[in-house]
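Residues in the sequence shown are numbered from 175 upward in steps of one, following this note's numbering.
For each residue, glycine too, the CB sits at the ideal point set by N, CA and C.
These notes are about the structure you will find just below.
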Amino acid sequence: MRKARDMAWTAIHRYARIAPRKARLVADLIRGRRCDDALALLKFTPKRAAFFVTRVLKSAMANANEDEASMSDLVVREVRIDAGPIIKRFKAKDRGRAHSIQKKTSHIVVAVDEKD
């Protein structure tokens, strides 16, 4: 991806199979941090969402590396977790009833930029 003057390098994971509310807990941890610090923090975060956010962050860093950005100066500018479509399933219950199960998905957006 080409970096314009005021734009950051971004990476997006769409339809990630994790609830947005749970993923936002992890996103709040790394917002505004240096990328190498954020990766170290995510490595030891005991949340399932850390795996998804780590993959997207590494992809954004690779996009910056393609444009020969200084990897030591990269900062997480934006981490956004948007709600994706909800997959609906039904589970059989007693007395012939059915209860709905909502499997939520997320769109994870990570943008990195060089330190000002």
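Contact check for Ala182 against Arg251 passes: the beta carbons are separated by less than 9 Å.
DSSP assignment within the segment 192-270 yields the following whole beta strand (DSSP E) runs of 3 residues or more, N-terminal first: 248-257, 261-266. Per the C-alpha coordinates, the member of Asp211, Phe218, Cys209, Met235 positioned closest to Ala185 is Met235.
Taking 9 Å as the cut-off, the Cβ atoms of Thr219 and Val249 do not count as close. Under the three-state reduction of DSSP output, Thr279 falls in the coil class, being neither helix nor strand.
Asp290 carries a coil assignment under DSSP once its states are collapsed to helix, strand and coil. Here Ile260 is exposed, its C-beta having fewer than 16 other C-beta atoms within 10 Å. Ala190: member of the beta strand (DSSP E) spanning 183-190, first to last residue. The way I'd put it, the segment 221-229 doesn't touch the segment 263-272; fewer than three beta-carbon pairs between them come closer than 8 Å.
Contact between Arg263 and Lys278 is ruled out by a C-beta separation of about 12 Å, above the 8 Å threshold.
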